[in-house]
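Heads up: the protein sequence lines correspond to chains A and B, in order.
When we follow our numbering, the leftmost residue of the first sequence carries the number 1, and every step to the right adds one.
When we follow our numbering, the leftmost residue of the second sequence carries the number 1001, and every step to the right adds one.
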Amino acid sequence: MYEHDTIAAISSPVGSARRSIVRLSGPDSWRIAGSQVTPVKTSHARRWLSTTLLHPPVSAGLILFKSPHSFTGEDSAELHLPGGTTLAQMVLEAVLAAGARQAEPGEFSARAFLHGKCDLTKAEGIAATIGAENERQLRAAAALRDGALHRWCQTLCDQLGNMLAMVEAGIDFSDEPDVSFISPAELQRQVTAITADIARAQTHAVQWETLDTLPAVVLLGRPNVGKSSLLNALAGHDRAIVSPIAGTTRDAVSTVIQTPVGQVRLVDAAGVEESPTALATLMNEARHTAMARADCVVVVTDGTENQPTLDLLANTAAVSGMATLWVRNKCDQPADDAGTASASAPHACLHTSALAQLGLDELRVAIGQAITNASGAEATLTLNRRHRQWLAAATSALHSAQQMLAANPESAMRYPELIASDLRLALDAVGNISGLVSPDEVLGKIFSSFCIGK
Amino acid sequence: MFDTNFDVIVIGGGHAGAEAAWAASHILGVRGRVALVTMDAAAIGRMSCNPAIGGLAKGQMVREIDALGGLMAHAIDATGIQFRMLNKSKGPAVQSPRAQADKYRYAAAVGKLLRDRCPNLFIVVGIVDKLVTEPCNQPDHLAQQRMTGVVLESGQRLSGRAVVVTTGTFLRALMHTGEAKTPGGRVGEQSAVGLSASLKSLGFELGRLKTGTPPRIARASIDFSSLETQPGDDHPQPFSDLTATPHSPLALGFPVLPQVPCYITYTNEKVHALIRANLHRAPMYSGQIQSRGPRYCPSIEDKVVRFADKTQHQIFLEPESLDTDEMYCNGISTSLPKDVQEQIVHSIAGLEHAVILRWGYAVEYDFSPTHQIDATLETRLVHGLFFAGQINGTSGYEEAAGQGLIAGINAAQTIAAKPAFTLMRDQAYIGVMIDDLVTKTPTEPYRMFTSRAEFRLTLRSDNVDQRLTPIGEKLGLAQSARVARLRHKLDAMQRVADALQQATSLSGTSAFELIRRPYIAWQSLTSTPLRHEEALRPLLCDASLTSIFDQVQIEARYQGYIAREKRSVERMHDLEDKLIPPDFNFANITELRAEARQSLQRFRPRTIGQASRLEGMTPSDITILMIYLGGRRRLARPRTTAPEIAP
């Protein structure tokens, strides 16, 4: 049997919060939290109790939650403290000294899950929030927590359950005149529709693992436009070898930079050669691979030259729907023919100078914006490996049913028990993502829709 | 202190009681004496409601009872007057046999089997008033009490260390026809009141259920000219594998009796208007009956109310006997008053001048919510006390007989000091039913459906002998003739499968692969040119192998799906193998939601598998339970305690 211990942690937004919170959960949480402040009436659960911290004597708020009406389902307490994390850290130390244990990552949500306070997808959402490293992950985690995936699965389960009920009714009540059994053509239509639904969701959904890796931004440009210098300037240290000799960067080099929306992986693709040599071919391949994984492309041109834009690559980026930023580097140096250059630029351009550290913050903001727009546009669901495996199992079962129905719908219904077997498997698979489906529910559907029984 | 000594006492001679007495008597043989206590010796095996055996999923259960060595299939094969295979146009896993019985001959056949074939069985006429128990000191049993015998209303005392209660609708039975209420479990019969009180005083919680039956009418008064006829199958199939063999106890040939048709008619708007106008006089709607009836066998007043848009409902007119004039009106079960029943019947096509021989009625009776029994059907409160049939909240002769068989087996095992016997969900429909019962309290009379069985493609009618006869043999219940037949059948199936694998089409596909295809019947192989057909040709011509070829083809076609079922069977067994100690205290697990804790405390599951199927359980509840059973010290790392939390 495990110890019913009390856990504690700081749970404030990281950064410059005006208030921070120390959370406790477990049987001793009320006592321990209460020992940190001047006495309050503990009869008032779920209410803001104004009080004063004992050390140091600053005003604080205390909220007590009675099991099971708390996030974790256990007795819990929140100490709301003014200021940032320094004070919170002190209070946490005091709380730990008073008998609480430092919570492990995700332990609050694990307890909530174990107490049945949230279903699996929501628990995953909470765990993901804790582990989130950037804005995109946080947003995906929020969607999970909010139950978007759960709701989507529920809809799928309803549809699959209804179809299964129809097929089962045709098997178990075949001598009932009142049961209008689903026609094979209709069944085929529904199976196809739901398979397409799942496929669409899988295509549009973001894979959780890709969120785990940072968003990638690829620098593209002809050799020697200063991509490497720009990368180093943004990173704040020498990551790429910089050289005036065109083509020094042979492999895609990457580094992590900071943007307003979190960290981003910046990839310096090899320069785009005009005349491909053997080495250049390899480089181009590496660049294309980098581009395929990119969330955003930054096309860098040399501000001192009046050069043609990189039409081919830029078009590729545009066609693939990738966010594209245009940067004219070396803006500290005079342009050969500035007028012509800006006239030839078909896009709004950012002007930077890696050398003089000009325009770098603007570029960070632009990159952050581009990433946010790119990931926010179409992604409705984020699926982790477990979700994808169950969806794949459902899809393969549905394909099996589809194949039978497509081969010869009328005769396929001579084996409704096989169609039912496939539908049941698909239903179980989807049901497994967030919960369980019992056979009683299927019977319930039959009884509520048909007049059955002699 | 007892007047007569027995080892096993079966209370009730219905379909559960007859099967229990038969099983206990056969297993014990000379080692024990069995008593069957009934209110009326003539009522043994009586069909209170529909005069039919089998039907979808139920037919499979009758075949399972037969394969284990039970009696029901023998009785129906000898007395059936119409045999039909249901779902004939669908796959073999969902085809089920059904038969109309001559209900008088059926009851007589059951009585004859018990009298002639069970030398150690004694039929005692009487009403059990009280169960006699003593404190149970056996360390391996949690029960506080154990059975020692029963006391009859007459004061006679019978001893018995194992008692099977199969009271059907008789426990505190109350019949309703309109405003009229009559105590009794069947028309003209009594109600068992003392036993109900005795169970309560032992600490049993009792609930109340309701069922109903339609009016019976005189055949001679029906105008058949406008009615549809529903004949039986041209080639009737018996339920028992022993029927029409020298080993059958009753049916040396088949069919034994002349075969007769059923008839179909319909209700109409006039009938529905009559019902609506008189709903206030229907006990189910006036508040006179509070208990729940079955959804799948609704009364005609229920159908009219719940499916108001329907303009007609089908009625099957089924003969109840070759010797009497009684026709059963399948489809208009009702408890409306007699004058309304009469108007309803006379408004139906063909029945304008029908003479009503018996009125429809609803009956309310006590049942024992099923958290009080184990999968062995033994009660948890009293060691040696078993419940089977409607007392467990089920409905149907077949459901009752299946439980009767298991309870009878385990009563005998108790006496013989042998291990208790259970069937799993992947072994038999009977196993599915009992598992459903011990994990969910029936809120309406429980009926079997094929869709309740997640391993439906395995639980077929054609392989019952493979699934269950070896088990029946081990128990000492399945006759040796059955075992020999099974061995012979398995040999033949192997020979046929081998020959099919050997033979190939001209393009090289094996004959086995050919008949896997959904639309190639194995019979077509006779006219297909084949290579390497030396072994196959003679087998194809052997008429005695028809059913063997059928079954090989069934298994070939289901192969992939059955493999899939096998994988989930394995997953199920993983959880079934995780035992929960019988004295485990669920109340200590404070992390469980109140609902889950209550469910666990109520049902006291014996395995994690059972726990996972309880009402009100969620996956997280099971995770917590497993943490506790695993004896883990701390719930520290979310990744190990809740492995599915990602990333």
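For every residue, glycine included, the Cβ atom is placed at its ideal position computed from N, Cα and C.
Since the model is a prediction, treat every value here as computed from it, not as a measurement.
- At least one CB atom of chain A sits nearer than 8 Å to the CB of Tyr1561 (chain B).
- At least one CB atom of chain B sits nearer than 8 Å to the CB of Arg414 (chain A).
- Of the candidates A:Pro56, A:Gly73 and A:Leu49, A:Leu49 places its Cα closest to the Cα of Leu79 (chain A).
- Interface residue (Cβ-Cβ distance to chain B less than 8 Å): Leu149 (chain A) is not classified as such.
- Residue burial annotation: Pro1214 (chain B) is buried, with at least 16 other C-beta atoms found within 10 angstroms of its C-beta.
- Judged by beta-carbon spacing, Ala1375 (chain B) lies beyond the 8 Å limit of Ser1335 (chain B), meaning their Cβ atoms are not closer than that value.
- Its Cα nearest to that of Ile1332 (chain B), the residue B:Asp1302 stands out among B:Phe1367, B:Ala1563, B:Asp1302 and B:Glu1534.
- Look at Ala1596 (chain B) here: in three-state DSSP terms it is helix.
- In summary, the residues of the stretch 1082-1097 of chain B whose CB is separated from some CB of chain A by less than 8 Å are Leu1086, Asn1087, Ser1089, Lys1090, Gly1091, Ala1093 and Val1094, in the order they occur in the chain.
- Of all residues in the stretch 1446-1466 of chain B, only Phe1449, Thr1450, Ser1451, Arg1452, Glu1454, Arg1456 and Leu1457 place a beta-carbon less than 8 Å from a beta-carbon of chain A.
- DSSP lists A:Val299 and A:Cys349 as the beta-bridge partner residues of Trp326 (chain A).
- Membership of Pro1097 (chain B) in the beta strand (DSSP E) is indicated by the continuous run Ser1096 to Ala1101.
- Within the same chain, Cβ atoms closer than 7 Å to the Cβ of Gly1384 (chain B) are found at Arg1146, Met1147, Arg1161, Ala1162, Val1163 and Thr1414, the five residues on either side in sequence being excluded.
- Against chain A, a Cβ distance below 7 Å from Tyr1519 (chain B) picks out Ser411.
- According to DSSP, residue pairing for Leu1579 (chain B) in a beta bridge involves B:Thr1607.
- Proximity of chain A to Leu1056 (chain B) at the Cβ level (cut-off 9 Å) is accounted for by Ile171, Asp172, Phe173, Ser174 and Asp175, in chain order.
- Scanning chain B for C-beta atoms nearer than 7 Å to the C-beta of Ser421 (chain A) yields Leu1457 and Tyr1561, reported in chain order.
- Assignment of Cys1262 (chain B) by DSSP, reduced to helix, strand and coil, places it in the strand class.
- Non-local C-beta neighbours of Val91 (chain A) in its own chain, meaning closer than 8 Å and more than five positions away in sequence, comprise Val22, Gln36, Leu53, Leu79 and Leu81, ordered along the chain.
- Within the DSSP secondary-structure output, Gln1082 (chain B) pairs in a beta bridge with B:Gln1100.
- For the options A:Phe181, A:Ala201 and A:Pro184, the alpha carbon positioned closest to that of Leu149 (chain A) is the one of A:Ala201.
- By alpha-carbon distance to Glu1134 (chain B), the top candidate from B:Leu1317, B:Ala1481 and B:Leu1202 is B:Leu1202.
- Separation of the CB atoms of Ser20 (chain A) and Leu64 (chain A) is rounded to 18 Å, and the pair is thereby denied contact status at 8 Å.
- Closest by C-alpha distance to Ile32 (chain A), out of A:Leu381, A:Arg101 and A:Ile419, is A:Arg101.
- Inside the stretch 1349-1385 of chain B, DSSP marks whole beta strand (DSSP E) runs of 3 or more residues at positions 1356-1358 and 1361-1367, from first to last along the chain.
- Following the DSSP letters along the chain, one finds Asn1410 (chain B) inside the alpha helix (DSSP H) bounded by residues Tyr1397 to Ile1415.
- Scanning the stretch 9-92 of chain A from its first residue to its last, the whole beta strand (DSSP E) runs of 3-plus residues come out as 19-25, 49-52, 59-65 and 76-82.
- In this model, Glu1269 (chain B) and Thr1311 (chain B) are separated by some 6 Å (Cα to Cα).
- Using a C-beta cut-off of 8 Å, the stretch 1363-1373 of chain B makes contact with the stretch 1208-1223 of chain B, since at least three inter-stretch Cβ pairs fall below that distance.
- Here the alpha carbon of Ser1524 (chain B) sits roughly 15 Å from the alpha carbon of Ile1548 (chain B).
- Ranking B:Ala1273, B:Leu1322 and B:Phe1122 by CA distance to the CA of Ala1308 (chain B) puts B:Ala1273 first.
- For Glu168 (chain A), the chain B residues whose C-beta falls within less than 9 Å of its own C-beta are Phe1449, Thr1450 and Ser1451, listed in chain order.
- Just so you know, the alpha carbons of Phe1083 (chain B) and Arg1105 (chain B) end up roughly 16 Å apart.
- Within 7 Å of the CB of Leu418 (chain A), the CB atoms of chain B belong to Gly1091 and Tyr1561, in sequence order along the chain.
- Look at Leu383 (chain A) here: in three-state DSSP terms it is strand.
- Counting C-beta pairs closer than 8 Å gives three or more between the stretch 1018-1029 of chain B and the stretch 1118-1126 of chain B, which meets the contact rule.
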